[in-house]
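Numbering (the numbering used here), first residue to last: 707 to 1173.
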């Protein structure tokens, strides 16, 4: 079998021309597009799905997490305020020891909120389009080749923002990137999220007597061969989520959002490996839903409402920028004069080789020290250079694919930080268009001043200090 196949050269029709093209309509991409448009750039978002929202919608990653709330910035507050007005976000609280702020959103309402915000900002959208390759001439991004139902087309752009999560568009230019954890091609476990419908919350939970009964009955069912998924058979992870399951219910709903699943040793850049993960994750969800209905109070009349369209990927490519967020930045809470975003979440590495090992090493000395700093309101900065592609000009990155170490990415990959890097990338792209500068030559200080002005103009949707 040949190892390569030649693709015939051909001219690609140009569909349109924009100042800024954002690839990916998730939290980072939506924030980037809004910021670019508000700062005067003619902006287009390319999104492969028929809706905006990204991981909270396609992967059901509806959970909002923070340690101290200082990472809630700018467009995030607008987004949350719209969800609050729709009764589509659970009140923020600190339900567990360790002080973590948590909430859950309604994935369907997320789609409507982003539609509203982008439309109001004047952003144009192109759904069912896949920004596959960035067009580069003499080391400068000139636009994007897009796969659509009409075939391959080209869209010209003065600046491109890769907010695909996987760094698909930027990686095709040949800029360096890091996959995995530095030792393996997998960085973290993947999770197939699912939701249960018709769930009722027991009056008193957790109930230790009921938990003991659940574990006995589950153990007996496993021994009879009724459950085979390792994440169920191992029991520790399943029982941990059963103990704390009620926080996964949106406000005033009879739904339950579960992230019980964990698929191990998956290279998310290998399509066959990713396919295996989808199938394995879906079977985990089926067995977990069955066990919940059989054994757990509140699920007696529940049913499997849905599984995520795509399995949740926590890390894939980390693109190389002209600066990189390092392990030292995370552990030492480093600050930078060209900071464009704050990050204050845990170093949240979901082990790719264990069904039960904790994602966050709670109880270790290093964790305790860092947790104490964060509880006092500390954070680390993301410098401007971490969102600027190295080796190709006029190309920005936003979201979990920005330039960061494995451990740093584990902290900055959450929704609000993705929105912050997106808002920064969109703002910087618009300023490049306005001034004629390139991302590599642009002075970061005007970007920072514009971000400060824009973020200060937003009424906070949440005062984390009151939680």
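Just so you know, even glycine gets a beta-carbon here, dropped at the ideal spot from N, CA and C.
Asked: Residue range of the alpha helix (DSSP H) that includes residue 716; Found: That residue, residue 716, is in no alpha helix (DSSP H); it is neither H nor E in DSSP.
Asked: Delimiting residues of the alpha helix (DSSP H) encompassing residue 928; Found: 914-929
Asked: Unbroken stretches of the beta strand (DSSP E), 3 residues or longer, contained in the segment 787-865; Found: 807-810, 830-833, 836-843 and 846-854
Asked: Cα-Cα separation between residue 854 and residue 835, rounded to whole angstroms; Found: 5 Å
Asked: Inter-stretch contact at 8 Å, needing at least 3 Cβ pairs: the segment 956-970 / the segment 895-914; Found: yes
Asked: Beta carbon of residue 1047 nearer than 7 Å to that of residue 1110; Found: no
Asked: 6 Å CB neighbourhood of residue 661 in its chain, flanking five on each side removed; Found: Residue 661 cannot be examined here, being either before or after the span of the chain that is shown, 707 to 1173.
Asked: Among 745, 729 and 775, the one whose alpha carbon lies nearest that of residue 1082; Found: 775
Asked: Span of the alpha helix (DSSP H), counted from its first residue to its last, around residue 874; Found: 874-877
Asked: Sheet register partners of residue 1095 (DSSP bridge); Found: 1027
Asked: CB of residue 952 within 7 Å of CB of residue 1049, strictly; Found: no
Asked: Closest residue to residue 1061 among 936, 990, 822 and 1100 (Cα-Cα distance); Found: 936
Asked: Buried or exposed by the 16-neighbour rule on C-beta atoms within 10 Å, applied to residue 1179; Found: Nothing can be reported for residue 1179: it is not among the residues displayed for the chain, which extend from 707 to 1173.
Asked: Close Cβ partners of residue 973 (< 6 Å) along its chain, the five nearest in sequence each way excluded; Found: 891, 892 and 979
Asked: Counted within 10 angstroms of its Cβ, other Cβ atoms place residue 981 as buried (16 or more) or exposed; Found: exposed
Asked: Limits of the unbroken beta strand (DSSP E) element including residue 901; Found: 900-903
Asked: Cα-Cα separation between residue 934 and residue 845, rounded to whole angstroms; Found: 52 Å
Asked: Backbone secondary structure at residue 1018 - three-state DSSP; Found: strand
Asked: Proximity below 7 Å, CB of residue 847 to CB of residue 1023; Found: no
Asked: Sequence-distant residues of its chain with Cβ nearer than 8 Å to residue 760 (five each side left out); Found: 730, 731, 732, 733, 734, 735, 736 and 871
Asked: Contacting residues, own chain, Cβ-Cβ under 6 Å from residue 723 (five flanking each side not counted); Found: 862
Asked: Spatial distance of residue 856 from residue 721 (CA atoms); Found: 11 Å
Asked: Bridge-paired residues (DSSP) for residue 729; Found: 752 and 868
Asked: Residue 1017 Cβ short of 6 Å to the ligand PLP heavy atom set; Found: Of ligands this structure carries none, so the ligand PLP is not represented either.
Asked: DSSP three-state assignment for residue 1117, whether helix, strand or coil; Found: helix
Asked: Inter-stretch contact (C-beta, 8 Å, three-pair minimum) for the segment 760-770 and the segment 812-828; Found: yes
Asked: Counted within 10 angstroms of its Cβ, other Cβ atoms place residue 754 as buried (16 or more) or exposed; Found: buried
Asked: Continuous beta strand (DSSP E) stretch holding residue 1213: start and end; Found: Residue coverage of the chain in this structure runs from 707 to 1173, which leaves residue 1213 outside it and unanswerable.
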